[in-house]
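Asker: Sharing a structure here in structure tokens format.
2 protein chains.
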Amino acid sequence: MPPLSSGLLGALDPTSDRAVFRQIADQLREAIDRGRFKEGEKLPSEAELVEHYGVSRMTVRNSFSILQGEGLVHAEHGKGVFVRPRPPVRRLASDRFARRHREQGKSAFIVEADAAGSHPQVDSLEVKEEKASQDVSTRLGSVRRVLARRRRYLLDGRPVEFATSYLPLDIARGTPIAEPNPGPGGIYARLEELGHHLDHFDEEIRARMPSPTEVKTLHLASGVPVIHLIRTAYDTEGRAVEVCDTVMAADAYVLSYQLPAT
Amino acid sequence: MPPLSSGLLGALDPTSDRAVFRQIADQLREAIDRGRFKEGEKLPSEAELVEHYGVSRMTVRNSFSILQGEGLVHAEHGKGVFVRPRPPVRRLASDRFARRHREQGKSAFIVEADAAGSHPQVDSLEVKEEKASQDVSTRLGSVRRVLARRRRYLLDGRPVEFATSYLPLDIARGTPIAEPNPGPGGIYARLEELGHHLDHFDEEIRARMPSPTEVKTLHLASGVPVIHLIRTAYDTEGRAVEVCDTVMAADAYVLSYQLPAT
DNA sequence: CTCGCCCACTCGTCTAGGCACCTAAAGGAG
DNA sequence: CTCCTTTAGGTGCCTAGACGAGTGGGCGAG
Chain A
3 MPPLSSGLLG ALDPTSDRAV FRQIADQLRE AIDRGRFKEG EKLPSEAELV
53 EHYGVSRMTV RNSFSILQGE GLVHAEHGKG VFVRPRPPVR RLASDRFARR
103 HREQGKSAFI VEADAAGSHP QVDSLEVKEE KASQDVSTRL GSVRRVLARR
153 RRYLLDGRPV EFATSYLPLD IARGTPIAEP NPGPGGIYAR LEELGHHLDH
203 FDEEIRARMP SPTEVKTLHL ASGVPVIHLI RTAYDTEGRA VEVCDTVMAA
253 DAYVLSYQLP AT
Chain B
3 MPPLSSGLLG ALDPTSDRAV FRQIADQLRE AIDRGRFKEG EKLPSEAELV
53 EHYGVSRMTV RNSFSILQGE GLVHAEHGKG VFVRPRPPVR RLASDRFARR
103 HREQGKSAFI VEADAAGSHP QVDSLEVKEE KASQDVSTRL GSVRRVLARR
153 RRYLLDGRPV EFATSYLPLD IARGTPIAEP NPGPGGIYAR LEELGHHLDH
203 FDEEIRARMP SPTEVKTLHL ASGVPVIHLI RTAYDTEGRA VEVCDTVMAA
253 DAYVLSYQLP AT
């Protein structure tokens, strides 16, 4: 094992109240923040740090687990611990559902990704009728059963988002909306063709840590939260015609809204 | 030590690929989700679980640390590990900066909190001139120095958000905006009085894990992300007159936006 | 009865190892 | 030269135990 060049990391302060594993985590964090370890670069191995600080391996592992929890690093089995590269973020503008965008035909996700030079994909498509959850039922105005459209979005092979749209059966059943591919402009274009002119959307945004299912579906590294967005679409008669429940990898998105100051 | 009533938790599957500490975490998580352990309730102690599963204490602690990372439980030294109660969330409506709200006089935060029956506070107020960061400078249109207004918001004693407003010096210097208390309606009211009629706001939303500083400032439990909101205010001449950088405890907020479908 | 101390229980930190498994590189077989 | 096997280095997972430190209840002294 090559000796760890000691310029990068300092020594511990034995008089400090701060736990040793926290001190080590602090030093590593600072070194990362200062760019001493760059994105994608490998941190010193556990053994090197054991040597450098004169502590036991569990203590070093503990430090790593803190940094993992903060989303700063990720461990690869058999390779090492690496500074997590910050993936390019996708900006979601608040006008992304504007009518003019629908007129182009392709879905918003595809158009936007192509424009950014990324390779977009949609998978795990599922369209079926099911019982509405309490929450969805409330939002749609006491609907018992709904059409659910589930799909997952990937960017350059990486899953970044999965979403489920819920629509009242009396609107969606037997229309192109109930088809896996609803046609150009997506379901919003179909809704308007069916006479449900869209008036506005409500979006609710939360952020939280992912459930184990979400970790799997989005291949989330530890320390990456999710953004949970619930959009309700209303037609010009004030009726809620769709609820879309979206979970996004928080490190892949910036949401952007423009608000009038009236 | 009283025996752990074994109805609550199952046994381990030694044939499973899943690591033991993950299996234990899974069982605890499921028990919590099913309401077998309720909000605020104490989980079995480490020693009880060691006994129940026949594993070492580190393994049990590892399981707990997973659940902590997910924000499901929190440990209290000397007392036990508890199911984390979900605090009431504050809804931030997208019209919260509408002019009509400013006319009431009090700041948006105070008015809203009072209405919800909570006890609001603002602290660690700091107003000073400083060099603009690269990012702020860009957003404000190549401004070198700015007036920075820092403050922290608390709800019923709990810190939930801290924010910094940056304003160009040529607008803010020598005005009530540079005072600790800018007067009724806040700085937006003052900006309008000074002839900077507000046209619209841009809001950028990110979610991520907090830095150690943010953990301290917001007293964040582990497993709670932050919502990072950057708002830029534009006047009717298209000039950016304020950038507000806000970090919120994600478990205390739901952001709500209404978008036209035009 | 009250106060203060002590002890049992709890989690927090750390040590010192062992086994399993993955990865990459070196080296041997074909 | 290519392909496979071996092996060393690395991480993941786990054990067994020690000491520290916060909490709360019980018990004895006053």
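Which chain is which? The protein sequence lines are A and B, in order.
Just so you know, we're using this note's numbering here: the first sequence kicks off at 3 and counts up by one.
Just so you know, we're using this note's numbering here: the second sequence kicks off at 3 and counts up by one.
Ideal Cβ positions, reconstructed from N, Cα and C, are used throughout, including at glycine.
How far does the beta strand (DSSP E) with Leu157(B) in it reach, from first residue to last?
Answerer: Unbroken beta strand (DSSP E) run through Leu157(B): 147-157.
Asker: Bridge partners of Gly119(A), per DSSP?
Answerer: Partner(s): none; Gly119(A) has no beta bridge.
Asker: Below 8 Å, how does it come out for the stretch 72-85 of chain B and the stretch 225-237 of chain B: are there three or more Cβ pairs, yes or no?
Answerer: Verdict: yes, contact present.
Asker: What three-state label does DSSP hand Phe99(A) in the structure shown?
Answerer: DSSP places Phe99(A) in coil when its eight states are reduced to three.
Asker: I'd like the list of long-range same chain contacts for Ser8(B), defined as Cβ closer than 8 Å, with 5 residues on each side in sequence excluded.
Answerer: In this predicted model, Ser8(B) has a pLDDT of only 48, less than 50, meaning its place in the structure is not dependable; the value taken from the coordinates is given anyway. Here the set comprises His54.
Asker: Please classify Met250(A) as buried or exposed, where buried requires at least 16 other C-beta atoms within 10 Å of its C-beta.
Answerer: Answer is buried; the Cβ neighbour count reaches 16.
Asker: For the stretch 208-246 of chain A, list the alpha helix (DSSP H) runs that are entirely contained and at least 4 residues long, ordered along the chain.
Answerer: If we require 4 residues or more, the alpha helix (DSSP H) runs fully inside the stretch 208-246 of chain A come out as 214-219.
Asker: Does DSSP classify His76(A) as helix, strand or coil?
Answerer: Residue state, collapsed to three classes: strand.
Asker: Looking only at DSSP bridge pairs, what is Val57(A) linked to?
Answerer: In DSSP, Val57(A) forms no bridge with anything.
Asker: Give the residues of chain A in contact with His202(B), contact being defined as C-beta atoms less than 8 Å apart.
Answerer: Near His202(B) (Cβ distances below 8 Å), the residues of chain A are Gln260, Leu261, Pro262, Ala263.
Asker: State the beta-bridge partners of Gly82(B) as determined by DSSP.
Answerer: Looking at the DSSP assignment, Gly82(B) forms a beta bridge with Glu78(B).
Asker: Helix, strand or coil: how does DSSP classify Glu128(B) here?
Answerer: The answer is strand: DSSP assigns Glu128(B) an E or B state.
Asker: Using 9 Å as the limit for Cβ to Cβ distance, is Tyr168(B) near chain A?
Answerer: False, the Cβ-Cβ gap to chain A never drops below 9 Å.
Asker: Look at the Cβ atom of Leu169(A), then the Cβ atom of Glu244(A), and state whether they are nearer than 9 Å.
Answerer: Yes; because the gap between Cβ atoms is below 9 Å, this pair is in contact.
Asker: Are the stretch 42-58 of chain A and the stretch 122-134 of chain A touching by the rule of at least three beta carbon pairs closer than 8 Å?
Answerer: In short, these stretches do not touch, since the Cβ pair count stays below three.
Asker: From the DSSP output, which residues share a beta bridge with Arg93(B)?
Answerer: DSSP output for Arg93(B) lists Val256(B) as bridge partner(s).
Asker: What separation, rounded to the nearest whole angstrom, lies between the Cα atoms of Arg98(A) and Leu257(A)?
Answerer: Each residue's Cα considered, the two are about 11 Å apart.
Asker: Using a Cβ-Cβ distance under 9 Å, would Gly143(A) count as near chain B?
Answerer: Not one chain B Cβ lies under 9 Å of Gly143(A).
Asker: Can you find a C-beta in chain B that's less than 9 Å from the C-beta of Leu257(A)?
Answerer: It does; some Cβ of chain B falls within 9 Å.
Asker: What's the gap between the Cα of Leu157(A) and the Cα of Ala252(A)?
Answerer: For Leu157(A) and Ala252(A), the distance between alpha carbons rounds to 14 Å.
Asker: Quick check on His248(A): does DSSP put it in helix, strand or coil?
Answerer: Sequence check: residue 248(A) is Thr here, not His. Strand, per DSSP.
Asker: How about Tyr236(B) and Ser96(A): are their beta carbons less than 9 Å apart?
Answerer: No.
Asker: CB Leu171(B) to CB Val148(B), shorter than 9 Å?
Answerer: It is a contact, given that the beta carbons lie within the stated cut-off.
Asker: Name the two residues that bound the continuous alpha helix (DSSP H) containing Arg31(B).
Answerer: Looking at the DSSP string, the run of the alpha helix (DSSP H) that includes Arg31(B) is 22-35.
Asker: Output the distance between the C-alpha atoms of Leu231(B) and Ile34(A), rounded to the nearest integer angstrom.
Answerer: The straight-line gap from Cα to Cα measures roughly 24 Å.
Asker: Hey, quick one: how far does the beta strand (DSSP E) through Ala263(B) stretch, first residue to last?
Answerer: Premise fails: Ala263(B) is in no beta strand (DSSP E) and is neither H nor E.
Asker: Helix, strand or coil for Asp15(B) per DSSP?
Answerer: Note: Asp15(B) maps to coil in three-state DSSP.
Asker: Relative to the C-alpha of Gly80(A), which residue among Arg92(A), Ile207(A), Lys44(A) is closest?
Answerer: When only C-alpha atoms are compared, the closest one is Lys44(A).
Asker: Grab me the residues of Pro178(A)'s own chain with a C-beta within less than 6 Å of its C-beta, minus the 5 sequence neighbours each way, in chain order.
Answerer: So the list reads Pro184, Gly185, Arg192, once near-sequence residues are dropped.
Asker: Just checking: is the beta-carbon of Ala235(A) within a distance shorter than 9 Å of some beta-carbon in chain B?
Answerer: Ala235(A) counts as touching chain B.
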